[in-house]
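Asks:
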Amino acid sequence: MNIVHQNQRFEYHENGNVAYLSYVLDGEIRVFNHTIVPPELGGRGIGTALVRHALDWARLENWQIRATCGFVVAFVAKNPEYRDLFVE
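Take the sequence shown: its position 78, counted from the start at 1, is 78 in the UniProt record's numbering, and no numbers get skipped.
Here it is in structure tokens:
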């Protein structure tokens, strides 16, 4: 799966559809605020792949993360190996 990072979003493109995880900056903290997967791409684990890719990227770049996106919060609850990236 080819996920690209641009303009404060991690994006996956397929057949004219775009799934993405977006973030905003709060000082030095990246706030993951939305994970959007169009219905045409749903049910295939694309949202999970976006979150995993974004968190792996964050680890490589030494980012601190806060999540306001429920999908990201749920992902981290099931994948505690990413909790160290998060700040209050």
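Where is the CB? At the ideal position from N, CA and C, for every residue including glycine. Here the structure is a predicted model, which is why all the values come from computation and not from measurement.
(1) Under a Cβ-count criterion, where at least 16 other Cβ atoms within 10 Å of its own Cβ denotes burial, should arginine 30 be classed as buried or exposed?
(2) Would glycine 47 be called buried (16 or more neighbouring beta carbons within 10 Å of its own) or exposed?
(3) In chain order, which beta strand (DSSP E) runs of at least 3 residues are fully inside the UniProt domain "N-acetyltransferase" (2 to 87)?
(4) With burial defined as no fewer than 16 other Cβ atoms inside 10 Å of the residue's Cβ, what is the status of threonine 35: buried or exposed?
(5) Measuring alpha carbon to alpha carbon, tell me which of Glu61, Thr68, Val72, Ala67 ends up nearest alanine 49.
Replies: The answer reads as follows:
(1) buried
(2) buried
(3) 3 to 6, 9 to 14, 17 to 26, 29 to 36, 64 to 67
(4) buried
(5) Val72
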